[in-house]
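Some notes on the structure that comes next.
Chains as they are written, first to last, in the numbering used here: chain A, 1 to 122; chain B, 1001 to 1552.
The following block contains the structure:
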């Protein structure tokens, strides 16, 4: 299992902040900024340890990407974290994902959360 | 012929009894006249010389009948009747030999004037003619040397009695009938008048209703129970831009096939027709327009459905405003929070010295950026909540929650803010409150946070005490009590209004836009609870939220 964290987020600044938080949490970070590229990456690439998925993406929605992740055996051990500005929408996915993060998302909280998620052996 | 005969025998007078008697007399006269003419003709044909007496009697009889008829017709029925009966009695007296009249076959003929008297004159007249007849036969008996025929006299009196009785009954019955008729006439007149009045009222009412329909801005169609349009007002025609012949008399099922009606609206209207339901109001799209539809069934006095009144309101502008509002809410929700989230994140990164060590002043500045960004985010959340609640989009979820966690989160969020103002924030939970309840943890947290935030804002020294209590078997409550400035009694009714703080100027002193308590009130309402406030100026305020107790 790699210590890769895949961030799928279209907002450049948030992607920067999330990347830094996850890096501080001890992960290697890969960032994808749009839904189509993310779809491609999920289908062909290896499974990351964490996926941080924005539900509001251009071209292909976060919900569609989540369906791909849930439908693919290779992601069975991947932790899924979704980010949304809509608390109601977040509640809808609470059972399907490991964590729902409702914006605004704090750098410190994300860093501390992902630090805890990191395998203890590392 | 019949008519002619009717006119001949009928005599119109103001007294119905008199008229009746005179008519009967005419009939009798006609009968006697016919018999006399027949006798005359027969006598002349057979042998005029032998039957000379009969011819004379017949001629006298015809003359008498004619005279009596004219008396009856022109002068007096009573006189005519007396003359007729008198003549009849005289004819009876001389119709046979004196012996036969006194005690023989001619006795019975006297019953004829007795019976007729009761019919033609007053009922008791039969007794008069009974007595006259008795005197006649007694005189005749005396003249032939016999004693008066007492059985015959008794018989006459009995006939007179029966005649009197029957005539009297008849007259009484007729009298009653006339009274009944008069009453009936009166009732008919009254009823006719009432009917005319009610028709007039209905006409006025219909005119008024039409004027109301014509003057209102909403489109109204009235359907009969088979959904045929029986009435339509001008507003409806204008609203839908349709000629009246496409609406009036048409069935509603046919009408909703119009191409300008959007499919969803067609389905809703079709469901309304099929199920005869009266939905509370729904919207349909008609071309460029949005219309709201309301319907009410019409019942007659026996409770039978006789049709439906359907009201259409042009909702285009409101729908547009609502659409803009929800678009605005969506934009605020996403596009405003994202950059604020970035500002917050970058400030945190400064504060956490992610890219190398920072001075204390720099860290303080970063904390200042974070604090202000948090306030802005809180404000946006409040505005969004308010907008959602106003649009009825905010729903309350139900899941297991731990009351203790509500307090933990409360302390983690507000301890620092309270201590910055040198206030104590304390909390306690009643022992009899279950450890786990069912409810919407996020919204309960929001209620508690808003109340405590409000208390911190308006308290300068002292403490804020939070209590979670079980109030009775079916309810539990949140209490937030402070030692703040209090709320003047006159202002208490307004504190839950949107964008309201006591005294307009305090908004700037205390921050916030006055949404916190309005949101609390609305959330509590959504949870079927109630919120109460007790306050004393310069002593403190206590907010109590009572909620239905549900255990998962």
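No residue lacks a Cβ here, since even glycine has one placed at the ideal position from N, Cα and C.
Remember, it's a predicted structure, so these values are computed and weren't measured experimentally.
Comparing alpha-carbon positions, the option among 1359/B, 1533/B, 1387/B and 1483/B lying closest to residue 1491/B turns out to be 1533/B. For residue 1486/B against residue 1455/B, the beta-carbon gap comes to about 11 angstroms, at or over 8 angstroms, which does not count as contact. Between residue 1360/B and residue 1398/B, the C-beta spacing is not below 8 angstroms. Against residue 91/A, the close residues of chain B are 1397, in the order they occur along the chain (beta-carbon pairs closer than 8 angstroms).
If you compare the alpha carbons of 1349/B, 1036/B and 1010/B with that of residue 1024/B, the shortest gap goes to 1010/B.
Neighbours of residue 1349/B in chain A, taken as residues at a C-beta separation under 8 angstroms, are given in chain order as 17, 20 and 107.
In the DSSP assignment, residue 1297/B falls outside any alpha helix (DSSP H) and lies within the beta strand (DSSP E) extending over 1289-1299. Looking at the DSSP output, residue 1231/B sits in a beta bridge with 1222/B. Looking at 9/A, 89/A and 118/A, the one whose alpha-carbon comes closest to that of residue 57/A is 9/A. One alpha carbon belongs to residue 1285/B, the other to residue 1314/B, and they sit about 10 angstroms apart.
Following the DSSP letters along the chain, one finds residue 1282/B inside the beta strand (DSSP E) bounded by residues 1282-1286.
Residue 1156/B sits buried, since 16 or more C-beta atoms from the chains shown fall within 10 Å of its C-beta.
A residue is called buried once 16 or more other Cβ atoms fall within 10 Å of its Cβ, and residue 1186/B, having fewer, is exposed. If you ignore the 5 residues before and after residue 1451/B, its C-beta comes within less than 7 angstroms of the C-beta of 1480, 1520 and 1543, all in its own chain and listed in chain order. Residue 1016/B carries a helical assignment under DSSP once its states are collapsed to helix, strand and coil. Between residue 1482/B and chain A, the shortest Cβ-Cβ separation is not below 8 angstroms.
Residues of chain B whose Cβ lies closer than 8 angstroms to the Cβ of residue 103/A are, in chain order, 1337, 1338 and 1341. For residue 1377/B, the chain A residues whose C-beta falls within less than 8 angstroms of its own C-beta are 104, listed in chain order. Among the bridge pairs identified by DSSP, residue 1399/B is matched with 1439/B. About 5 angstroms separates the CB atoms of residue 79/A and residue 50/A; that is less than 8 angstroms, so the two are in contact. In this structure, residue 1169/B keeps its C-beta atom at 8 angstroms or more from the C-beta atom of residue 1114/B.
At least one CB of chain B lies nearer than 8 angstroms to the CB of residue 85/A.
Only residues of its own chain outside the window of five on either side were considered, and among them 55 have a CB closer than 7 angstroms to the CB of residue 63/A, listed in chain order. Using a C-beta cut-off of 8 angstroms, the region 10-21 of chain A makes contact with the region 1335-1347 of chain B, since at least three inter-stretch Cβ pairs fall below that distance.
Taking 8 angstroms as the threshold, the shortest C-beta distance from residue 1352/B to chain A falls below it. Contact between residue 1394/B and residue 1382/B is ruled out by a C-beta separation of about 12 angstroms, above the 8 angstroms threshold. Taking CB atoms only, residue 72/A has no neighbour in chain B less than 8 angstroms away. Unbroken beta strand (DSSP E) stretches of 3 residues or longer found wholly inside the region 1303-1362 of chain B: 1305-1314, given in chain order. The alpha-carbon separation between residue 1071/B and residue 1032/B amounts to approximately 16 angstroms. Around the C-beta of residue 1232/B, 16 or more other C-beta atoms lie within 10 Å, and the residue is accordingly described as buried. Counting the other CB atoms within 10 Å of its CB gives residue 1125/B a total of 16 or more, which places it among the buried residues. DSSP places residue 1124/B outside both helix and strand once states are collapsed to three, so it counts as coil. The region 105-117 of chain A makes contact with the region 17-32 of chain A; the number of CB pairs closer than 8 angstroms reaches 3 or more. The C-alpha of residue 1117/B is placed about 24 angstroms away from the C-alpha of residue 1059/B. Among the bridge pairs identified by DSSP, residue 1258/B is matched with none.
Neighbours of residue 76/A in chain B, taken as residues whose beta carbon is under 8 angstroms from its own, are absent, since the nearest beta carbon is some 27 angstroms off.
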